[in-house]
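A.B. asks: What the sequence shown shows, in the numbering used here, is residues 1422 to 1860, in sequence order.
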Amino acid sequence: MQLFASPSKYHGNEGRGVAVAPLNVAAILRRPMSLVVQKYGGTSVGSLDRIRIVAERVADTYREGHQVIVVVSAMAGETDRLLSMGWELSDGPAEREMDVLVSSGEQVSAALLAIQLNELGVPARSLLGHQARILTDNVHRKARIRTIDGTGLRSSLETGNVLVVAGFQGTDAYGNITTLGRGGSDTSAVAIAAAVKADVCEICTDVDGVYTTDPGVCPNARKIKCISYEEMLELSSLGAKVLQIRSVELAMKHRMPLHVRSSFSKAEGTIVTDEEHLLEKVIVAGVAADKKTVKLTVRALPDHPGVVASVFEPLAEANISVDMIIQNVSKEEHTDLTFTVSREDADRAERIVKDLVESVDAEGVVRDDAVAKVSIVGVGMRNHAGIAARMFRLLADNDINIEAISTSEIKTSCLIEAEHADRAVAVLHDGFALGKPAG
Ligand code: ADP
Ligand code: ASP
Ligand code: MG
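#1: Measure the C-alpha to C-alpha separation of residue 1612 and residue 1778 and round it to an integer number of angstroms.
#2: Are the Cβ atoms of residue 1617 and residue 1583 separated by less than 7 Å?
#3: Can you check whether the CB of residue 1570 is closer than 7 Å to the CB of residue 1554?
#4: Is it a yes or a no for the region 1795-1803 touching the region 1648-1657, going by three-plus beta-carbon pairs under 8 Å?
#5: How far does the beta strand (DSSP E) with residue 1591 in it reach, from first residue to last?
#6: Taking the DSSP output, what are the residues bridged to residue 1785?
#7: For residue 1535, count the other beta carbons within 10 Å of its own beta carbon; 16 or more makes it buried, fewer makes it exposed. Which is it?
#8: Per DSSP, what kind of secondary structure is residue 1595 in: helix, strand or coil?
#9: Could you tell me which residues DSSP pairs with residue 1755 in its beta bridges?
#10: Quick check: what's the CA-CA separation for residue 1538 versus residue 1830?
#11: Would you give the residue range spanned by the beta strand (DSSP E) that residue 1650 belongs to?
#12: Distance, Cα to Cα, residue 1841 vs residue 1561?
#13: Closer than 7 Å by C-beta to residue 1447: which residues in its own chain qualify, once you throw out the five before and the five after it? Chain order, please.
#14: Rounded to whole angstroms, what's the CA-CA distance from residue 1638 to residue 1843? Just pull it up for me.
#15: Report the option in 1784, 1479, 1790 whose CA atom is closest to the CA atom of residue 1762.
#16: Using a Cβ-Cβ cut-off of 6 Å (strictly less than) and excluding sequence neighbours within five positions of residue 1480, which residues of its own chain qualify?
#17: Could you give the distance in angstroms between the alpha-carbon of residue 1853 and the alpha-carbon of residue 1705?
#18: According to the neighbour-count rule (16 or more other Cβ atoms, all chains shown, within 10 Å of its Cβ), is residue 1581 buried or exposed?
#19: Among all the DSSP beta bridges, which residues are the ones paired with residue 1585?
#20: Just tell me which of 1476, 1513, 1652, 1603 has its CA closest to the CA of residue 1498.
#21: Mind checking whether the beta-carbon of residue 1500 lies closer than 6 Å to any heavy atom of the ligand ASP?
#22: The beta strand (DSSP E) with residue 1862 in it runs from where to where?
#23: Please confirm whether any heavy atom of the ligand MG lies closer than 6 Å to the CB of residue 1526.
#24: Find out if the Cβ-Cβ distance for the pair residue 1592, residue 1601 is shorter than 7 Å.
#25: Please classify residue 1852: does DSSP put it in a helix, a strand, or coil?
#26: Would you decide whether residue 1442 is buried or exposed? Buried here means 16 or more other CB atoms lie within 10 Å of its CB.
#27: Mapping DSSP to helix, strand and coil, what is residue 1797?
#28: Between residue 1604 and the ligand GDP, is there a pair consisting of the residue's CB and a ligand heavy atom that are separated by less than 6 Å?
#29: Our contact map puts residue 1774 next to residue 1728 with C-beta atoms below 8 Å; I'd like the distance itself, whole angstroms only.
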């Protein structure tokens, strides 16, 4: 079986990261007097010392003559701390109140950064979601941004201020505070960048770019210089939390170039841009693992038209996205229906399907939390047969059993036992030659 039958413009996988000079990166980064949106994540604003460092960086950017909007996350660990307090008081805290609670984390860091910028002589104003007029739908905990008052933000910038916007939050049409889902400050930043027509949106974080896989898990991971929106979208949806998936969707929709870079160095990071800007396309760009997935199986469901719909419709109504789905071959007119949902949604999904068991005449529901989804992603997979087979072989040769498979044009995912997830990532990363060259 030929796995890498490549037309010349495709690389085996020796790498987009190192050998290849992609597009002229400088051309889409900051030009003189640009409008730059910079987002700083939780670790980057995790202490007063770090806020001082971030303020210096923002001040440098401002003094270089750029207009700057900064979007901040809550200080590291703060969102989790706030969430756990709400859950300590109640088994089912009102989602509206949880949004009021968790959004306070970003309020604190926005104010602290503005204070420190003023201390450095840089005029700065903090803005909460409602002050920046970030209007969302009313889905608490994972709201979607509908509109942002870009004109208002631009005129505030004209007064010479740096704007420090609290990420992760907005308000619905009735003025209720909403939040955008975990990691949502990335989405705040991209949405603001699109609304003000920024030149670039810089996502400043605790790694210096997007890697071929999570560098925290696989030390051999390699920094990617340039990656397409589509590949990044897949990597994000498959577990690479360096960018929230909705931020990539928005960037792609508005063709907003993203620069993912370190908060602690000035080195160039990774550019996320249109596929057409990539001079070289690799077959597999990256490997991701999603350990926050849960498998639910509805046992012995009657196998007749309409049954599957009656399981999934109530899940959709509850805003629960179902990921992998397998319906087994039916035996005696009954079948098992297996699907996966995110861990966040698992309790609600389990409750919903358990409530359905009687009405759909099934035997019961089995839940398995000890699963993980490992995936390979690359635009080059479109033109190459045999990549999925190679993935299955690599897993098999390492005694890793595949419980479910899903594919798209540019990705293949396998559900496996959670305990093998990190090993599977390493095996696939090596197997597709994504690591740093030896020596
Ligand atoms: P922030 O707090 O700045 O938003 P996050 O913790 O949300 O940062 O995202 C950065 C983390 O994403 C990194 O520390 C890294 O462990 C993880 N990560 C997962 N996959 C990747 C990848 N492919 N490239 C880079 N980082 C990744
Ligand atoms: N503070 C929020 C979270 O921890 C949002 C973010 O950091 O992007 O999910
Ligand atoms: Mg994040």
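Even for Gly, the Cβ is constructed at its ideal location relative to N, Cα and C.
C.D. replies: Reading from the atomic positions:
#1: Counting from 1 along the sequence shown, the entry for residue 1612 is found at position 191. Counting from 1 along the sequence shown, the entry for residue 1778 is found at position 357. Using only the alpha carbons, I get a separation of about 41 Å.
#2: The residue given as residue 1617 occupies position 196 in the sequence shown. The residue given as residue 1583 occupies position 162 in the sequence shown. In this structure, residue 1583 does not lie closer than 7 Å to residue 1617 by Cβ.
#3: Translated into positions along the sequence shown, residue 1554 becomes position 133. Translated into positions along the sequence shown, residue 1570 becomes position 149. Contact: yes.
#4: yes
#5: On the sequence shown, residue 1591 is found 170 positions in, with the first residue counted as 1. Start and end: 1590-1592.
#6: Taking the sequence shown and counting its residues from 1, one reaches residue 1785 at position 364. According to DSSP, which records beta bridges pairwise, residue 1785 is partnered with 1720.
#7: Along the sequence shown, read from residue 1 onward, the residue named residue 1535 stands at position 114. Buried, because 16 or more other Cβ atoms sit within 10 Å of the Cβ of residue 1535.
#8: The sequence position of residue 1595 within the sequence shown is 174, counting from 1. Residue 1595: coil per DSSP, three-state reduction.
#9: Indexing the sequence shown from 1 puts residue 1755 at position 334. According to DSSP, which records beta bridges pairwise, residue 1755 is partnered with 1723, 1752.
#10: Position 117 of the sequence shown, counted from the first residue, corresponds to residue 1538. Position 409 of the sequence shown, counted from the first residue, corresponds to residue 1830. If you take the alpha carbons of residue 1538 and residue 1830, they lie about 46 Å apart.
#11: Residue mapping note: residue 1650 aligns to position 229 of the sequence shown, counting from 1. Here residue 1650 belongs to no beta strand (DSSP E); instead the alpha helix (DSSP H) covers 1650-1658.
#12: Walking along the sequence shown from the start, residue 1841 turns up at place 420. Walking along the sequence shown from the start, residue 1561 turns up at place 140. Going from the Cα of residue 1841 to the Cα of residue 1561 covers about 34 Å.
#13: Numbered from 1 along the sequence shown, position 26 holds the residue referred to as residue 1447. Model confidence at residue 1447 stands at a pLDDT of 48, short of 50, so the residue's coordinates are unreliable and nothing is read from them.
#14: Along the sequence shown, read from residue 1 onward, the residue named residue 1638 stands at position 217. Along the sequence shown, read from residue 1 onward, the residue named residue 1843 stands at position 422. Rounded to the nearest angstrom, the two C-alpha atoms are 7 Å apart.
#15: The count along the sequence shown starts at 1 and reaches residue 1762 at position 341. The shortest C-alpha separation from residue 1762 is found at 1790.
#16: For the purposes of this step, residue 1480 is identified with residue 59 of the sequence shown, where counting begins at 1. For residue 1480, where only same-chain residues beyond five positions count, the Cβ hits under 6 Å are 1541, 1543.
#17: Sequence index remark: in the sequence shown, residue 1853 carries index 432 (1-based). Sequence index remark: in the sequence shown, residue 1705 carries index 284 (1-based). Their backbone Cα atoms lie some 7 Å apart in a straight line.
#18: Here residue 1581 refers to the residue found at position 160 of the sequence shown. It counts as exposed.
#19: For the purposes of this step, residue 1585 is identified with residue 164 of the sequence shown, where counting begins at 1. DSSP lists 1491, 1547 as partners of residue 1585.
#20: For this step, residue 1498 is matched to residue 77 along the sequence shown. For residue 1498, the nearest C-alpha among the options comes from 1603.
#21: In the sequence shown, the residue the question calls residue 1500 occupies position 79. Residue 1500 Cβ: within cutoff of the ligand ASP.
#22: Because the chain is modelled from 1422 through 1860, residue 1862 falls outside the range shown and cannot be assessed.
#23: Here residue 1526 is taken as the residue at index 105 of the sequence shown, counted from 1. It does not: the Cβ of residue 1526 is nowhere closer than 6 Å to a heavy atom of the ligand MG.
#24: Position 171 of the sequence shown, counted from the first residue, corresponds to residue 1592. Position 180 of the sequence shown, counted from the first residue, corresponds to residue 1601. For residue 1592 and residue 1601, no; Cβs fall outside 7 Å.
#25: For the purposes of this step, residue 1852 is taken as residue 431 along the sequence shown, with counting starting at 1. Correct three-state label for residue 1852: helix.
#26: Taking the sequence shown and counting its residues from 1, the one referred to as residue 1442 is at position 21. Because residue 1442 sits at a pLDDT of 38, beneath the cut-off of 50, its placement in the model cannot be relied upon, and the following sentence gives the value as read from the coordinates. Residue 1442 comes out exposed.
#27: Stepping through the sequence shown from its first residue, residue 1797 is reached at position 376. Looking at residue 1797 - three-state DSSP - the assignment turns out to be strand.
#28: No copy of the ligand GDP occurs in the structure displayed; its ligands are the ligand ADP, the ligand ASP and the ligand MG alone.
#29: Residue mapping note: residue 1774 aligns to position 353 of the sequence shown, counting from 1. Residue mapping note: residue 1728 aligns to position 307 of the sequence shown, counting from 1. No, residue 1774 and residue 1728 are not in contact; Cβ-Cβ is about 12 Å, not under 8 Å.
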